[in-house]
Structure formats: structure tokens, C-alpha cells
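K.L.:
Residue numbers (the working numbering), protein chains in the order written: chain G, 1118 to 1378; chain V, 17 to 422.
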């Protein structure tokens, strides 16, 4: 296993937040009827604060299972999982919920916004579970929406927003409680190529401020926007390397021709 | 999250599907409305009885011949022939707690006036009866003690008899025929209305001197009842004991035998009526509660559907940091809000139904604040009880699977 230190590319990363993810010999079994699926077969990995990691792999490779565990939505069958210095593998459901609320932000392929709820209310949602006052929650939500460039659309419903805009609302929601890790599961899977790059540009910007980002994707192009790629196969890590000759999303965006409407 | 915020969120969620929420509430509305109306009818009836009993004076005792059947109802009196006039005199003489007494017997008969006739009760008694029973006259007077001594053919009629037999004609001085005997009407009693305790029309009566009834109409010389007034409400209990022991003695009843008469203290009657009234009210309320339960089942049903529909949403909330507790309270609150709002509307609906009942049937309906508060608490309880299982189900969802749900 290669332990990765800070990437060699020189970009100023002010105030790295403390989020180190460490997993040791993680195993996960599923019972599917009569068969037992060994989904993760001994994953050991470190992700340091401020990293931008892309996880790739075919379906059944274990990457989604791994993400679920990283996101504290699921528990490993065996092995240890540390968030910062806390051993998360032993925590109870409520404590895990608190971690999901405050330390981790989720972005999904299908956006997973609440319909018939405005963008602002969607973004506010995590603050409701964080014992934050209504005013504070609203304020944070507005700031998050501004951050993703949707400040003027806060009263819109998801059905009134394009796919890219919906994903941006989802990102804002993931950021509202100022987490230290952002987990994104195929965030560009439902978007066209230009919008995909726009989304990656936002993620890139966020990573530049020190946010640790772990992203799952099956698109090679998208994975190249990250700084480190990890490939899963058959429940194990097959490859773990830094991205060479990385192009930033902002550069690519500038070079992309304007879409004809 | 404070209670207000939770409630507001619940209302928003319910408002998303107004039709469905309204229909679900309908069960509770009908249930609560029915309970409120039924309890109102029951309590109104109870109050009626109490008022009538109170109007009779609080120190009245009713001595009836014949034994009381088990359960203490008024059935069965008048069966024996052992109560006699001399008993009444003895009561007056030997019971210090007794103030006044009036003898009584009765029969039914047709009463004829001109071409009209009317079947009614004929009561025989003495003039002090009207004082004891606190029964004023709207016209004329009672017959006199002399009338009693002479067994005169005079009669006092109640309002219903007057209405049905005389109509617009003034009854005073007119002659009516009872069993072919002529009687002169000397008095018309004021209206008393339906007896809430016995259910009969108190104004449907003709009163004549006891002697006249016994000698000329029935040929029976025993009494069916003696109406007694005690010196005070307190004394009525003592009077009851005194009369009982006196009559047992006079009728030579051995210690192990039952009384061959009954003495009803009005206070007892008031209690009995109260008891009967409470039982009836509870019975009515129980029947009405069935619809409340059905309403609750409706809530559970809809909440289960709602939970299934919102599986994805629940998964999202859990991913964002909602605990099982958060999810459970969210759905439980929705159920409670549904049932509380339904309950509130139901209370209004019940009050409206009660008003309608009073208007159309003429029954007195009494809706107490206690009934309203109880109904509100009950509907909340229904919401909590029937909302619990769906809320639990929601809380127990696996977030990963929930997120995958289509």
C-alpha cells in the first residue's frame, strides 16, 4: 500500500481542516438470500485532510459499499474505521447520525432533493437536525447557495431547476453544516458533459479551500479532475496513484466551446 | 427542534396532499363528533332528571306498596294489598321526621267530555298531595278535605288532559265522566312536562279524592302509595328509617323477610337516576367511540402508505443526519396533528349535531367543557396510538436501501 502525502502540485491550501480518514483491513459481508457476498476484502487506506480522491471501479467492485462505510451509513463487518482520531467503527446509530450531519456532506447521482420543497429549504434541511436556530440555519443556507452560484434561485422548486442547478443545490446542502469531508457518489452521472465540468469546477474550488473530497465515478475523464485515483476491483484496491498532468476543471471550462442553445 | 417547528413541518407535509389528509381526518371528525353529541344527550338527560327531582322538593319520600325487584328499579310496586290508610295515619303520628303525608291509589280509565274522550290515569289522593309535590295550579284549586270525607265527585286535571279533552274551552266547572260517573272539574294543574325518571307524561292525569276513587271507581280499599314529606332534607334519611321500621312492624314482617313495600328517598332516587344516567351516557359514548377507533385505523393506514411513499425521503434525511428518533417524531407528529385537527373539527361538528338534536327532537343536550377537553385528549391519544407503528417503521428503515427505493 502506498501512503500518500500531500500532492506535489503547488497550490496554496490555507487552513486544512482536520479530516483524516483511515481504514484498516476493512471487510464487509452481505447476506443475499442463501449466498454470502464478500464485498470488501481487506481495505486499508489513508486519506489526508484536503485531499481530492476519485474512486473508480466496475459495479460489484465494492466501491459503493466502501463509500457507504466512509459515509457512516453502514458499518464494516470487521476492521477499523477512523475519522480524525475517532474510532467510528464502534459508535452507535445516533452518534453516526451526528457525524453524518456535521462532519460529512453527501452528494448523490440522483441529486436526492426533496420535491415540493424550495431550494433554500432543501439546503436548510441538515441544520434542522443540528440544533441550530432557524435564523442561523437560514443564514447558512443562503451563504451555501451563494457559494454555488444559486443565490437568486432560493425560492425555486427542484422541478423548476435544471439538472446542473439541482446538483448545485445538493452540493450547497452538503456544505451547510461546514463539514470536513464531502462524499460524492457519481455526482455527474445524470448530467451532460459541459454541466459535469461545471460541477467538477465547483468541487475543485471547494477542495482548494481545504475541503477533503472523495468522489466515486466510472467516467475516466471525471476522475482526472481529482488529484488521486484509487481503483477498486473485486473488493480490493487494485491501483492507488496520483493524477499526472492534471488539468483543472476551470481550465477545461474555459476551453470548452459555448453550447448553442 | 422545538415543538412548534416540528408541528409546522408536519402541517406542511400534510398540506401537500390536502385531499388525502381531509379524508383521513373524516374518520376522526365523525368519531369525535358522535361522541360529543352522544355524551351531550346523555348528560342533558341526566341534568333533566336532576332538575325535575330537585323541583319536587328535596325532602320527599315515596312509599310504594309491593316489593322492589332486584336492581332497585321502580318495577313491581303496587303488587301487594298491605298498604292501607291507617298506615299513613300511623306514619304521621309516630314518625317525628315526617312533616306531611298523602295517600294514593290509581287506575286507568277513559274520561269523557261531551263528544270527546281521552284515556288517562285516574289518581286518588288528598289535598296535601299538591303541596307535598310542589305542584301549582294554573286554574282553580284542589278539592278540599271535606270533598274527601264526603267522597265527592270532583276532579283536578293535568295540562295534557285539558289540552286533549277541552281544547279552547275553559274546563273549570265543566262536568267530565269517569266510568260513567259525573265529576266536576275544580282545578287545572300547571304543566310539569315529561318525567325524566319514569318517562311518562306527568300532565296526563286526573286527580280525584282518594275516597271517591276507592269507593266509587276501583272498589279497592288499599293504597298503592303514600307520598311523604320530611321535615328537612337531612331528616329525610331518618324519616326513611322510621317509616320502614314502622311499616315492618305494622305489617308483621319477620326479620328475615323482605319488606312488602318500598320507601324511596328522593335523594336515593336522584342517585339512582344519576347512576342510570351515567351508565346510559357511557354506553352511548362507547358506541360512538367505535367510530373513533375506525378513524384511528384510517390514520394508521394512511401513515403506512405515506411512509412507503416517502422511503426515499426518509433515506435522504437519515443520510443528512436525522436520527431514528428524528424520523419517528416526524411521522408521529404528522399523525397527531391529523388527529388533533380532526378532533377540533369533530368537536365543532358534534356541537352542531347537538344543536340540531335539540332543535328537531327537543331533547336537552348538555356539552360540558370537560367533555370537550376529554375529546381533545382522546383524539390526541388516538393519533399517538395509531401513528406509533408507522412512525416506528419509518425510523427503522435502512438508509442505504431507502435511498435506492424507487
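In this text, a Cβ means the ideal position worked out from N, Cα and C, and glycines have one as well.
1) Can you list, in chain order, the residues of the segment 1249-1270 of chain G whose Cβ is nearer than 8 Å to any Cβ on chain V?
2) To which residues does DSSP link residue 1153 (chain G) through a beta bridge?
3) Pick out whichever of G:1305, G:1234 and G:1333 has its Cα sitting closest to the Cα of residue 28 (chain V).
4) Return the residue from the list G:1194, G:1324, G:1221 and G:1373 that minimises the CA-CA distance to residue 1200 (chain G).
5) Name the residues in the segment 1297-1322 of chain G whose C-beta lies less than 8 Å from a C-beta of chain B; which are they?
6) Please report the straight-line C-alpha distance between residue 147 (chain V) and residue 119 (chain V), rounded to a whole angstrom.
7) For residue 381 (chain V), does the three-state DSSP call read helix, strand or coil?
8) Ignoring anything shorter than 3 residues, give me the beta strand (DSSP E) runs that lie fully in the segment 166-196 of chain V, in order along the chain.
9) Under 6 Å Cβ to Cβ from residue 1370 (chain G), same chain only, skipping five residues before and after it: list those, please.
10) To the nearest whole angstrom, what separates the beta carbons of residue 40 (chain V) and residue 318 (chain V), a pair I think is in contact under 8 Å?
11) In this structure, what does DSSP give as the bridge partners for residue 225 (chain V)?
12) Quick check on DSSP: helix, strand or coil for residue 1294 (chain G)?
13) Anything in the segment 1275-1289 of chain G with a Cβ closer than 8 Å to a Cβ of chain V? List those residues in chain order, please.
14) Just to make sure I have the definition right: I need the residues of chain V whose C-beta is within less than 9 Å of the C-beta of residue 1223 (chain G). Which are they?
15) Between residue 296 (chain V) and residue 117 (chain V), how many whole angstroms is the CB-CB distance? I'm expecting something under 8 Å.
16) Looking only at its own chain, which residues have a Cβ that is under 6 Å from the Cβ of residue 1271 (chain G), when we skip the five neighbours before and after it?
17) Indicate the three-state DSSP secondary structure (helix, strand or coil) for residue 292 (chain V) in the structure shown.
18) Using a Cβ-Cβ cut-off of less than 8 Å, list which residues of the segment 1169-1202 of chain G approach chain V; keep chain order.
19) Is the separation between the beta-carbon of residue 114 (chain V) and that of residue 308 (chain V) shorter than 8 Å?
20) Who are the near neighbours of residue 157 (chain V) in its chain, counting only those whose CB is closer than 8 Å to its CB and skipping five residues on each side?
21) DSSP on residue 77 (chain V), reduced to helix/strand/coil?
22) Closest Cβ-Cβ distance between residue 1246 (chain G) and chain V: below 8 Å?
23) Nearest to residue 42 (chain V) by alpha carbon, out of V:404, V:408, V:343 and V:395?
24) Please confirm whether residue 348 (chain V) has its beta-carbon closer than 8 Å to some beta-carbon of chain G.
25) Terminal residues of the continuous beta strand (DSSP E) containing residue 1169 (chain G)?
26) Taking the C-alpha atoms as reference points, what is the distance between residue 1300 (chain G) and residue 1241 (chain G)?
27) Is it a yes or a no for the segment 1169-1177 of chain G touching the segment 1339-1346 of chain G, going by three-plus beta-carbon pairs under 8 Å?
28) Residues in the segment 23-39 of chain V with C-beta within 9 Å of chain G's C-beta atoms, listed in sequence order?
29) Are the segment 377-386 of chain V and the segment 332-348 of chain V in contact at 8 Å, needing three or more beta carbon pairs?
30) Quick one: give me the first and last residue of the alpha helix (DSSP H) that residue 1180 (chain G) is part of.
31) What do you get for residue 145 (chain V), buried or exposed, if any count of 16 or more other CB atoms within 10 angstroms of its CB means buried?
32) Listing by chain order, which chain V residues have their CB less than 8 Å from the CB of residue 1211 (chain G)?
33) Exposed or buried, which one is residue 20 (chain V) when buried takes at least 16 other CB atoms within 10 Å?
34) Report the residue ranges of all alpha helix (DSSP H) runs contained in full by the segment 1248-1285 of chain G; include only those spanning at least 4 residues, in chain order.
35) What is the rounded straight-line gap between the Cα of residue 397 (chain V) and the Cα of residue 1289 (chain G)?
36) Is any beta-carbon of chain G found at less than 8 Å from that of residue 19 (chain V)?
P.N.:
Straight from the coordinates:
1) Flagged, chain order: 1251.
2) Along the first chain, one-based indexing puts residue 1153 (chain G) at 36. Assignment of beta-bridge partners to residue 1153 (chain G) by DSSP yields G:1148.
3) The residue given as residue 28 (chain V) occupies position 12 in the second chain. Of G:1305, G:1234 and G:1333, the residue nearest in Cα terms is G:1234.
4) As a working note, residue 1200 (chain G) is residue 83 in the first chain. Per the Cα distances, G:1221.
5) As a matter of chain content, chain B is missing from the structure shown, whose protein chains are G and V.
6) Numbered from its first residue, the second chain carries residue 147 (chain V) at position 131. Numbered from its first residue, the second chain carries residue 119 (chain V) at position 103. Per the coordinates, the alpha-carbon of residue 147 (chain V) lies some 13 Å from the alpha-carbon of residue 119 (chain V).
7) The count along the second chain starts at 1 and reaches residue 381 (chain V) at position 365. Residue 381 (chain V): coil per DSSP, three-state reduction.
8) 170-173 and 191-194, all fully within the segment 166-196 of chain V.
9) Position 253 of the first chain holds residue 1370 (chain G). Around residue 1370 (chain G), the same chain offers 1314 and 1318 as residues with beta carbons nearer than 6 Å, after the five sequence neighbours per side are excluded.
10) To locate residue 40 (chain V), count along the second chain from 1; it is residue 24. To locate residue 318 (chain V), count along the second chain from 1; it is residue 302. With a Cβ gap of about 5 Å, residue 40 (chain V) and residue 318 (chain V) count as contacting.
11) One-based indexing of the second chain puts residue 225 (chain V) at position 209. Among the bridge pairs identified by DSSP, residue 225 (chain V) is matched with V:141.
12) Within the first chain, the letter at position 177 stands for residue 1294 (chain G). Residue 1294 (chain G) sits in coil when the DSSP states are folded into three classes, being neither helix nor strand.
13) Within the segment 1275-1289 of chain G, no residue qualifies.
14) As a position in the first chain, residue 1223 (chain G) is number 106, starting the count at 1. Correct list: 332, 335 and 336.
15) Residue 296 (chain V) sits at position 280 when you count from the first residue of the second chain. Residue 117 (chain V) sits at position 101 when you count from the first residue of the second chain. Contact between residue 296 (chain V) and residue 117 (chain V) does not hold, since their C-beta atoms are separated by about 33 Å, which reaches or exceeds 8 Å.
16) If you number the first chain from 1, residue 1271 (chain G) lands on position 154. Hits under 6 Å: 1236, 1237 and 1262.
17) Reading the second chain from its first residue, position 276 is the one you call residue 292 (chain V). Three-state result, residue 292 (chain V): helix.
18) Result list: 1185, 1188, 1190 and 1191.
19) Looking up residue 114 (chain V) in the second chain gives position 98. Looking up residue 308 (chain V) in the second chain gives position 292. With contacts defined as CB atoms closer than 8 Å, residue 114 (chain V) and residue 308 (chain V) fail to qualify as a contacting pair.
20) Here the question's residue 157 (chain V) lines up with position 141 in the second chain. So the qualifying residues of the chain are 202 and 203.
21) Walking along the second chain from the start, residue 77 (chain V) turns up at place 61. Strand, per DSSP.
22) Position 129 of the first chain, counted from the first residue, corresponds to residue 1246 (chain G). For residue 1246 (chain G), the answer is yes, since a Cβ of chain V falls inside 8 Å of its Cβ.
23) Taking the second chain and counting its residues from 1, the one referred to as residue 42 (chain V) is at position 26. Considering only V:404, V:408, V:343 and V:395, the residue with the shortest C-alpha distance to residue 42 (chain V) is V:395.
24) Locating residue 348 (chain V) in the second chain gives position 332, counting from the first residue. No, residue 348 (chain V) does not count as interfacial toward chain G.
25) On the first chain, residue 1169 (chain G) is found 52 positions in, with the first residue counted as 1. In the DSSP assignment, residue 1169 (chain G) falls within the beta strand (DSSP E) that extends over 1169-1173.
26) Here residue 1300 (chain G) is taken as the residue at index 183 of the first chain, counted from 1. Here residue 1241 (chain G) is taken as the residue at index 124 of the first chain, counted from 1. Within the model, the alpha-carbon separation for residue 1300 (chain G) versus residue 1241 (chain G) is close to 18 Å.
27) Output reads yes: the segment 1339-1346 of chain G touches the segment 1169-1177 of chain G.
28) Taken in chain order, the members of the segment 23-39 of chain V whose beta-carbon sits within less than 9 Å of a beta-carbon on chain G are 25, 28 and 32.
29) For the pair of segments examined, the segment 377-386 of chain V was found not to touch the segment 332-348 of chain V: the number of CB pairs separated by less than 8 Å stays below three.
30) Residue numbering aside, residue 1180 (chain G) sits at position 63 when the first chain is read from its first letter. Counting along the chain, the alpha helix (DSSP H) containing residue 1180 (chain G) begins and ends at 1180-1187.
31) Here residue 145 (chain V) corresponds to residue number 129 of the second chain, with the count starting at 1. It is buried - the Cβ of residue 145 (chain V) has at least 16 other Cβ atoms within 10 Å.
32) Here residue 1211 (chain G) refers to the residue found at position 94 when the first chain is read from its first residue. The contacting residues are 339, 340 and 341.
33) Looking up residue 20 (chain V) in the second chain gives position 4. Burial call: exposed.
34) You should have 1251-1264.
35) The residue you call residue 397 (chain V) lines up with position 381 of the second chain. The residue you call residue 1289 (chain G) lines up with position 172 of the first chain. Cα to Cα, the separation comes out at about 40 Å.
36) In the second chain, the residue the question calls residue 19 (chain V) occupies position 3. Residue 19 (chain V) does not count as touching chain G.
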